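Its first residue numbered 3, the sequence shown is counted upward by one per residue in the numbering used here.
No residue lacks a Cβ here, since even glycine has one placed at the ideal position from N, Cα and C.
Keep in mind that this is a model prediction, so the values were computed, not measured.
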Amino acid sequence: MDFTANSQDSMAVTSDKQTQRFGVSLRWLLLLGLFVVVVLLAATLGAPVPLSDLWASDTDRVAVARQIFLQLRPPRLLAGMLVGASLATSGAALQAVFRNPLAEPYLLGISAGGALGATAALAWHLPSFGVFESSSLLAFAGSLAAAFLVYRLGQGRVLHGFGSFDRATLLLIGVALSAFLSALMSLLVTLSPDAGLAQKIMFWLLGGLTLARMSNNGILALALGVGMATMLASARDLNATQVGDEEAASLGVSIGTLHRRLLLVSALMSSAAVATAGLIGFVGLLAPHLVRLLFGNDARALGPAAAIGGATLLVGCDALARSVAPPLELPVGIITALLGVPLFLFLAKRA
Numbered sequence: 003m004d005f006t007a008n009s010q011d012s013m014a015v016t017s018d019k020q021t022q023r024f025g026v027s028l029r030w031l032l033l034l035g036l037f038v039v040v041v042l043l044a045a046t047l048g049a050p051v052p053l054s055d056l057w058a059s060d061t062d063r064v065a066v067a068r069q070i071f072l073q074l075r076p077p078r079l080l081a082g083m084l085v086g087a088s089l090a091t092s093g094a095a096l097q098a099v100f101r102n103p104l105a106e107p108y109l110l111g112i113s114a115g116g117a118l119g120a121t122a123a124l125a126w127h128l129p130s131f132g133v134f135e136s137s138s139l140l141a142f143a144g145s146l147a148a149a150f151l152v153y154r155l156g157q158g159r160v161l162h163g164f165g166s167f168d169r170a171t172l173l174l175i176g177v178a179l180s181a182f183l184s185a186l187m188s189l190l191v192t193l194s195p196d197a198g199l200a201q202k203i204m205f206w207l208l209g210g211l212t213l214a215r216m217s218n219n220g221i222l223a224l225a226l227g228v229g230m231a232t233m234l235a236s237a238r239d240l241n242a243t244q245v246g247d248e249e250a251a252s253l254g255v256s257i258g259t260l261h262r263r264l265l266l267v268s269a270l271m272s273s274a275a276v277a278t279a280g281l282i283g284f285v286g287l288l289a290p291h292l293v294r295l296l297f298g299n300d301a302r303a304l305g306p307a308a309a310i311g312g313a314t315l316l317v318g319c320d321a322l323a324r325s326v327a328p329p330l331e332l333p334v335g336i337i338t339a340l341l342g343v344p345l346f347l348f349l350a351k352r353a
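Written out as structure tokens, the structure is:
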């Protein structure tokens with residue numbers, strides 16, 4: 003009799019696990035399906051050139067179609083995916099480090115640090131170093147400096163190498179740092195003898211994918227790969243910190259090392275995104291929160307899901323920016339801000 007009861011319990015547990023796995027698979031299919039649909043829709047927006055023109059008998063039509071479908075749209079689409087994925091993964095990492103649902107590169111001034119670095123490279127006409135442009139290198143340095151500055155200033159009590167972070171203080175530090183870095187950018191523009199620098203800087207301030215190039219996409223992909231690998235390698239430790247830093251430390255997690263590692267890759271991903279697309283806010287806030295509705299807080303799923311969600315979000319916002327008021331093209335940063343600010347206010351009120 004006991005054997006029969008145990009057998010039934012075992013079968014019930016197995017059935018529950020199978021149902022759970024099916025639910026998770028279904029959620030992944032939903033997210034990936036949405037990603038594919040948004041990318042296909044974005045690829046068809048723009049100049050009314052049918053795909054069949056690639057095989058037309060008219061050589062002029064073929065030339066135009068090839069330029070649009072093979073040279074202009076692929077770099078922009080790929081940049082949208084990589085920038086969105088990088089910002090979203092960076093946001094998920096920062097929210098884990100600061101244990102703050104409002105943390106993201108734009109709000110904490112980390113993106114502004116990258117923009118200042120890129121601005122300095124443009125203002126001083128610094129040369130490139132091999133495949134790495136000076137704007138990308140200084141953007142990384144600026145983002146990294148801003149990330150660790152926010153970390154140190156926002157840290158409260160320190161215990162065994164880690165500290166607590168007050169949400170309100172952290173956001174105030176981010177706002178103040180962004181204002182200070184924006185003032186430095188304005189100073190560089192004002193003092194620069196380059197009369198056209200102000201127009202170039204507007205790109206960094208408004209954010210957009212119009213200048214996306216395949217060379218930048220390679221750097222973006224490298225930064226995202228490093229960041230994603232770090233997030234996945236740190237998933238067990240991140241899950242342990244959800245019950246509290248002190249409890250995680252008692253389980254052998256080095257909180258200080260974990261925080262520094264995540265801050266480093268967060269700065270790497272956000273700076274690569276800034277160097278390609280300028281200041282685009284709230285992607286790192288929106289995407290992680292939306293995918294948490296599907297996958298919860300499990301760090302093993304959150305990193306990849308946030309990346310796919312961020313790619314979907316930014317590609318969709320860019321398509322919307324191109325189609326709202328044709329032939330004008332809105333900066334994509336305006337669209338993400340219009341979507342992100344209401345969520346930010348809701349989370350701030352709830353917090």
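Ser92 and Ser268 do touch by the CB rule: their CB atoms are close to 4 Å apart, below 8 Å. Ranking Ala197, Gly210, Ala303 by CA distance to the CA of Met230 puts Ala303 first. About 31 Å separates the beta carbons of Gly254 and Ala289, which is beyond the 8 Å limit, so they are not a contact pair. By the criterion of at least three beta-carbon pairs nearer than 8 Å, the segment 122 to 133 is not in contact with the segment 294 to 308. Residues Pro77, Arg78, Ala81 of the same chain have their beta carbon placed closer than 6 Å to that of Ala214, with the five preceding and five following residues left out of the count.
Counting other Cβ atoms within 10 Å of its Cβ, Ala350 stays below 16 and is therefore classed as exposed. The Cβ atoms of Tyr108 and Phe284 sit closer than 8 Å to each other.
CA-CA distance, Gln201 to Ala122, rounds to 14 Å. Considered as a whole, the segment 306 to 339 harbours no complete run of any beta strand (DSSP E) with no fewer than 3 residues. Beta-bridge analysis with DSSP links Phe131 to Phe134. A Cβ-Cβ distance of about 34 Å is found for the pair Gly318 and Ala125, leaving them out of contact under the 8 Å criterion. Under the criterion of beta carbons closer than 8 Å, Leu118 and Met187 qualify as touching, at roughly 5 Å.
In the three-state DSSP reduction, Gln97 falls in the helix class (H, G or I).
DSSP places Gln201 inside the alpha helix (DSSP H), whose first and last residues are 199 to 208. DSSP, read as helix, strand or coil, puts Gln22 in helix. With a beta-carbon spacing of about 5 Å, Leu89 and Ala275 fall inside the 8 Å limit used to define contacts. Taking C-beta separations shorter than 6 Å and ignoring five residues to either side along the sequence, the partners of Ala98 in its chain run Leu240, following chain order. The straight-line gap separating the alpha-carbon atoms of Leu179 and Ala237 is approximately 30 Å.
Between Leu332 and Ala323, the CB-CB gap stays under 8 Å. In the DSSP assignment, Asn299 falls outside any alpha helix (DSSP H) and carries neither an H nor an E.
Ala327 sits away from Leu47, with the two beta carbons spaced by 8 Å or more.
Burial state of Ser145 is buried, judged by a 10 Å Cβ sphere holding 16 or more other Cβ atoms.
For Leu281, there is no enclosing alpha helix (DSSP H), as DSSP marks it with neither H nor E. Cβ neighbours of Ser136 within its own chain (closer than 8 Å, five residues either side excluded): Ala123, Leu128, Pro129, Ser130.
Under the three-state reduction of DSSP output, Ala214 falls in the coil class, being neither helix nor strand. Residue nearest to Ile112 within the set Ser272, Ser325, Gln244 is Ser272 (criterion: CA-CA distance).
The three-state reading of DSSP puts Asn102 in coil, since its state is none of H, G, I, E or B. With a 10 Å radius around the Cβ and a threshold of 16 neighbouring Cβ atoms, Val152 comes out buried.
The continuous alpha helix (DSSP H) containing Gly115 extends over residues 112 to 125. Taking C-beta atoms as the reference points, Val41 and Leu316 fail to come closer than 8 Å.
When C-alpha distances from Arg262 are compared across Phe24, Ala87, Val26, Gln157, the shortest belongs to Gln157. Here Leu270 is not near Gly176, since their CB atoms are 8 Å or more apart. Within a 10 Å sphere around the beta-carbon of Gly298 sit fewer than 16 other beta-carbons, which makes this residue exposed.
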